[in-house]
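In the UniProt record's numbering, the protein residues as written are 1 to 419. Heads up, the beta-carbon is just placed ideally off N, CA and C, and yes, glycines get one too. Take a look at the structure below.
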């Protein structure tokens, strides 16, 4: 094998989705000289480039675009600003200030001043969902469906059962319709849809049966899927179909962060970060859906712009050193919080804007009560709340009166109960 090429950019961005492209573009706009973006696929754009439907682009371009056109615009803007985009580059390792990658041209070694991980998220596989049954053709996730329909112009099935009601499931339904595919049913394990109103109305408006409190029990079929056995408290239901589409149940694509020895948060599945988007390795930042599953493309784009601002400031010596910050613990029913650490000494500095100015949290179940953020017996913030799983909840961190002696903060729902 030939010797690795040594490259020394100011910032190396790993991942070419909306977050990575946004951050790289912003870094160049802020005057960072050499910004290199690595993408393992042949084309940048991330998940949106597989989406032939709208709406994308309102925050970024002030117009409604299909995902494919949106991704192309993000790439064009990045190249126009001078970002060096290297596709077909698979990163093998990140650590000790060195990023090692391989491409069809051979191995490369990057020694950037700062690293931004924007490796995104992925849907849970059949194995991760513990779905039993036979192994016929026709079992896909949303990304594979979108690649078939929008990129290959193929229909992998005609009457699939869709598992899940997250926003991505609604996207999958639109993809099915554009490919002449008519879903046979939608299955949701919870009592309510995960997607917000009015998005969850889509299958109902299209006349697609939706079964709540129902799980996929088994998949039957020899060469191809022929039946899904759906299980609920009412018993078993056989649904004739020719495919199964597994949607949602996202998890951050955090393999590189784990291999690099970064601290991983058990709730989000992504790296532990502070309010500037820094991991505990002060030279490595993280952005986008690596931080938590899953946010919209527009949210990731805007958040990554702010994190890019933190990186540019850090290159100029404008960020305080990464030090042991106050960890944020979560109580029952709270799935995750981002960031997971906060520095009370920097919280009110108006000259030091935080890339993550709010605590972003999600519930793992439907809860009602008083959401509180406290330091010991001192309540710093509280609000009455009723929220379903996976809804975005934001707590502003500006002007929190954190006691100087605080060693941790606690988020919990007081007197909560399942609805």
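With DSSP collapsed to three states, give me the class of residue i.
{"i": "residue 310", "result": "helix"}
{"i": "residue 199", "result": "helix"}
{"i": "residue 267", "result": "coil"}
{"i": "residue 285", "result": "strand"}
{"i": "residue 19", "result": "helix"}
{"i": "residue 150", "result": "helix"}
{"i": "residue 61", "result": "helix"}
{"i": "residue 11", "result": "strand"}
{"i": "residue 1", "result": "In this prediction, residue 1 has a pLDDT of 47, which is less than 50 and means its spatial position is unreliable; nothing more can be read from the coordinates."}
{"i": "residue 235", "result": "strand"}
{"i": "residue 83", "result": "coil"}
{"i": "residue 402", "result": "coil"}
{"i": "residue 295", "result": "coil"}
{"i": "residue 356", "result": "coil"}
{"i": "residue 411", "result": "strand"}
{"i": "residue 279", "result": "coil"}
{"i": "residue 175", "result": "helix"}
Given a cut-off of 8 Å on the beta-carbon distance, is the pair residue i and residue j in contact?
{"i": "residue 307", "j": "residue 355", "result": "yes"}
{"i": "residue 339", "j": "residue 273", "result": "yes"}
{"i": "residue 36", "j": "residue 27", "result": "no"}
{"i": "residue 126", "j": "residue 253", "result": "no"}
Nearest by alpha-carbon distance to residue i: which of the options is it?
{"i": "residue 97", "options": "76, 123 and 282", "result": "282"}
{"i": "residue 395", "options": "404, 110 and 383", "result": "383"}
{"i": "residue 316", "options": "6, 10 and 204", "result": "10"}
{"i": "residue 238", "options": "77, 211, 123 and 270", "result": "211"}
{"i": "residue 109", "options": "116, 101 and 147", "result": "101"}
{"i": "residue 187", "options": "167, 179, 199 and 162", "result": "162"}
{"i": "residue 38", "options": "61, 69, 117 and 5", "result": "117"}
{"i": "residue 165", "options": "136, 83, 198 and 319", "result": "198"}
{"i": "residue 52", "options": "31, 171, 32 and 75", "result": "171"}
{"i": "residue 261", "options": "251, 111 and 279", "result": "279"}
{"i": "residue 310", "options": "413, 23, 180 and 7", "result": "23"}
{"i": "residue 94", "options": "103, 114, 104 and 83", "result": "114"}
{"i": "residue 15", "options": "286, 63 and 176", "result": "286"}
{"i": "residue 60", "options": "389, 323 and 305", "result": "305"}
{"i": "residue 58", "options": "271, 297, 137 and 145", "result": "297"}
{"i": "residue 105", "options": "119, 120 and 89", "result": "89"}
{"i": "residue 334", "options": "70, 267, 203 and 137", "result": "267"}
Since residue i and residue j should fall inside the 8 Å C-beta cutoff, what is the C-beta to C-beta distance between them, to a whole number of angstroms?
{"i": "residue 373", "j": "residue 336", "result": "At roughly 15 Å, the Cβ-Cβ gap does not stay under 8 Å, so residue 373 and residue 336 are not in contact."}
{"i": "residue 65", "j": "residue 73", "result": "7 Å"}
{"i": "residue 378", "j": "residue 403", "result": "6 Å"}
{"i": "residue 343", "j": "residue 275", "result": "7 Å"}
{"i": "residue 293", "j": "residue 269", "result": "7 Å"}
{"i": "residue 244", "j": "residue 318", "result": "Wrong, their Cβ atoms sit about 51 Å apart, outside the cutoff."}
For residue i, which beta-bridge partners are listed by DSSP?
{"i": "residue 141", "result": "246"}
{"i": "residue 227", "result": "220 and 240"}
{"i": "residue 185", "result": "161"}
{"i": "residue 337", "result": "361"}
{"i": "residue 101", "result": "91 and 108"}
{"i": "residue 50", "result": "Answer by DSSP bridge pairing: none, since residue 50 is not bridged."}
{"i": "residue 211", "result": "187"}
{"i": "residue 72", "result": "Looking at the DSSP assignment, residue 72 forms no beta bridge with any residue, so it has no partner."}
{"i": "residue 375", "result": "378"}
{"i": "residue 387", "result": "367"}
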